[in-house]
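Please read the structure below before turning to the comments.
Protein chains: 2
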Amino acid sequence: MACCDCKVDLIPRTASAVTNLAHLNECCKRSEDVDTSGIQHPHGPFMERAIYLSRVAGLEKRTGGCFGAVVVKNGKIVGEGYNNVISHNDPTWHGEVGAIRDASQRLGTPHLKGCVLYTSSEPCPMCMGACYWARIDKIYYATTAKDVKEHGRFEDEDFYEEFAKPPADRNIPALEFMREEAVKVWEEFGQLPDRCHY
Amino acid sequence: MACCDCKVDLIPRTASAVTNLAHLNECCKRSEDVDTSGIQHPHGPFMERAIYLSRVAGLEKRTGGCFGAVVVKNGKIVGEGYNNVISHNDPTWHGEVGAIRDASQRLGTPHLKGCVLYTSSEPCPMCMGACYWARIDKIYYATTAKDVKEHGRFEDEDFYEEFAKPPADRNIPALEFMREEAVKVWEEFGQLPDRCHY
Numbered sequence: 001m002a003c004c005d006c007k008v009d010l011i012p013r014t015a016s017a018v019t020n021l022a023h024l025n026e027c028c029k030r031s032e033d034v035d036t037s038g039i040q041h042p043h044g045p046f047m048e049r050a051i052y053l054s055r056v057a058g059l060e061k062r063t064g065g066c067f068g069a070v071v072v073k074n075g076k077i078v079g080e081g082y083n084n085v086i087s088h089n090d091p092t093w094h095g096e097v098g099a100i101r102d103a104s105q106r107l108g109t110p111h112l113k114g115c116v117l118y119t120s121s122e123p124c125p126m127c128m129g130a131c132y133w134a135r136i137d138k139i140y141y142a143t144t145a146k147d148v149k150e151h152g153r154f155e156d157e158d159f160y161e162e163f164a165k166p167p168a169d170r171n172i173p174a175l176e177f178m179r180e181e182a183v184k185v186w187e188e189f190g191q192l193p194d195r196c197h198y
Numbered sequence: 001m002a003c004c005d006c007k008v009d010l011i012p013r014t015a016s017a018v019t020n021l022a023h024l025n026e027c028c029k030r031s032e033d034v035d036t037s038g039i040q041h042p043h044g045p046f047m048e049r050a051i052y053l054s055r056v057a058g059l060e061k062r063t064g065g066c067f068g069a070v071v072v073k074n075g076k077i078v079g080e081g082y083n084n085v086i087s088h089n090d091p092t093w094h095g096e097v098g099a100i101r102d103a104s105q106r107l108g109t110p111h112l113k114g115c116v117l118y119t120s121s122e123p124c125p126m127c128m129g130a131c132y133w134a135r136i137d138k139i140y141y142a143t144t145a146k147d148v149k150e151h152g153r154f155e156d157e158d159f160y161e162e163f164a165k166p167p168a169d170r171n172i173p174a175l176e177f178m179r180e181e182a183v184k185v186w187e188e189f190g191q192l193p194d195r196c197h198y
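Just so you know, the sequences run in chain order A and B. The numbers in the UniProt record's numbering rise by one with no breaks, and the one at position 159 of the first sequence is 159. The numbers in the UniProt record's numbering rise by one with no breaks, and the one at position 114 of the second sequence is 114.
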């Protein structure tokens, strides 16, 4: 990766990119970009990094589609990920899920408040859900769901349409079964004085 | 866990439950249940197993909320998971994501066609998205999104409402940035004769 103007080479490693970050974090502080809506982005290199990771996944290592993402906190990358669906036989290993898991491990918390996600593509519902559970502050994405359908036949857009239907009417029908038994567990949970919440 | 009538004890282990399955799979073939809509379920013990795993997560091991799930193929459990968000500082480790990842590893494919997911609660958007990417055939859930909001203050239902809004108007705003740069990667991807797809 050429890190903005300085062209320093950065080696991406999904779960252990710490060695690259000292340089990248310093370098990013010098950069400013303005997006199409006129918003000031002092962190253009973060999106460059996400797009670079999308290249690694789809073109270089061929681990999955062209999807990459980074999680940024206080101007520093704290997590990185790229699509590993094919390489790891894991349908959940999207770029954003990888970056969120990486950041959570590094920061030692499942909550990423104060963090911004930069992702090479508009998050699919799974990854958007991950952002909500992780309490991410804000998301910047590059390609749209329409773009990845056009160029890669990925169905992110279709899935969003599916989710607007009642569960039983979707292409994957979801049906209620044995509700009472499961509610009993929650009733016990509700009585725990020190029950977990997140 | 008491496996339906026979009461054989089964020890749940999220990523390595193989040793339990020989018994459970044989036993399940003998069981029949009918759900509230009158649908025949020859696999009631699969949902019992998912509910048992929800108990492990929320009440016994306290690894997270009361959420458990199993993936079933041809009448056999091929993946199990329960909520590990708190224990592993991983906001993506829901019961369903865990079960899908487990099944994918065991079957050696990111595609779970022919599989049914039994989950103790209606999947959140993240887990529903995981089901779509994994190409799950059908989902049975026990508690509803309303139930887990009432009993555990989990916001699955709110997240579904959020997803119906335009990306920039959500509680986590998602904004487009540097689209052209990312599209270039997809254009290169489109020219690969052996590009991956899933």
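Using N, Cα and C, we set each Cβ at its ideal position, and we do this for glycine too.
Taking DSSP as the reference, what is the three-state secondary structure of residue i?
| i | result |
| --- | --- |
| Tyr198/A | coil |
| Leu117/B | strand |
| Leu192/B | coil |
| Val148/B | helix |
| Lys184/A | helix |
| Gly58/A | helix |
| Glu80/B | strand |
| Asp90/A | coil |
| Pro125/A | helix |
| Pro167/A | helix |
| Arg179/B | helix |
| Gly65/A | coil |
Within this structure, are the beta carbons of residue i and residue j separated by less than 9 Å?
| i | j | result |
| --- | --- | --- |
| Tyr52/A | Leu175/B | no |
| Met128/B | Pro125/A | yes |
| Val85/B | Pro110/A | yes |
| Thr143/A | Ser120/A | yes |
| Gly65/A | Cys196/B | yes |
| Tyr118/A | Ala69/A | yes |
| Arg135/B | Lys113/B | yes |
| Asp90/B | Arg106/A | no |
| Leu59/B | Glu122/A | no |
| Val116/B | Val148/B | no |
| Trp186/B | His151/A | yes |
| Glu162/B | Arg170/B | yes |
| Phe67/B | Gly95/B | yes |
Return no unless some Cβ of chain B is closer than 9 Å to the Cβ of residue i.
| i | result |
| --- | --- |
| Leu140/A | Sequence check: residue 140/A is Tyr here, not Leu. Cβ-Cβ to chain B under 9 Å: yes for Tyr140/A. |
| Pro91/A | yes |
| Asp169/A | no |
| Arg101/A | yes |
| Val78/A | no |
| Gly75/A | no |
| Arg49/A | no |
| Glu157/A | no |
| Pro173/A | yes |
| Gly129/A | yes |
| Gly95/A | no |
| Ile11/A | Residue confidence for Ile11/A is low, a pLDDT of 39 falling below 50, so the modelled location carries little weight and cannot support an answer. |
| Asp35/A | For Asp35/A, the predicted structure reports a pLDDT of 42, less than 50, and the residue's modelled location is therefore unreliable. The matter cannot be settled from this model. |
Does the CB of residue i have a neighbour CB from chain A at under 9 Å?
| i | result |
| --- | --- |
| Asp137/B | yes |
| Ala182/B | yes |
| Pro125/B | yes |
| Tyr82/B | no |
| Gly58/B | yes |
| Pro110/B | yes |
| Gly114/B | no |
| Ala69/B | no |
| Gly65/B | yes |
| Val72/B | no |
For the alpha helix (DSSP H) that contains residue i, what are its first and last residues?
| i | result |
| --- | --- |
| Ala99/A | Gly95 to Leu107 |
| Ile86/B | No alpha helix (DSSP H) holds Ile86/B; DSSP gives it neither H nor E. |
| residue 200/A | Residue 200/A is absent from the model: chain A starts at 1 and stops at 198. |
| Glu157/A | Asp156 to Phe163 |
Hey, could you find the ends of the beta strand (DSSP E) residue i is sitting in?
| i | result |
| --- | --- |
| Ala69/A | Gly68 to Lys73 |
Bridge partners for residue i per DSSP, in chain order?
| i | result |
| --- | --- |
| Ile139/B | Ala174/A and Leu117/B |
| Tyr132/B | Tyr132/B is not bridged to any residue. |
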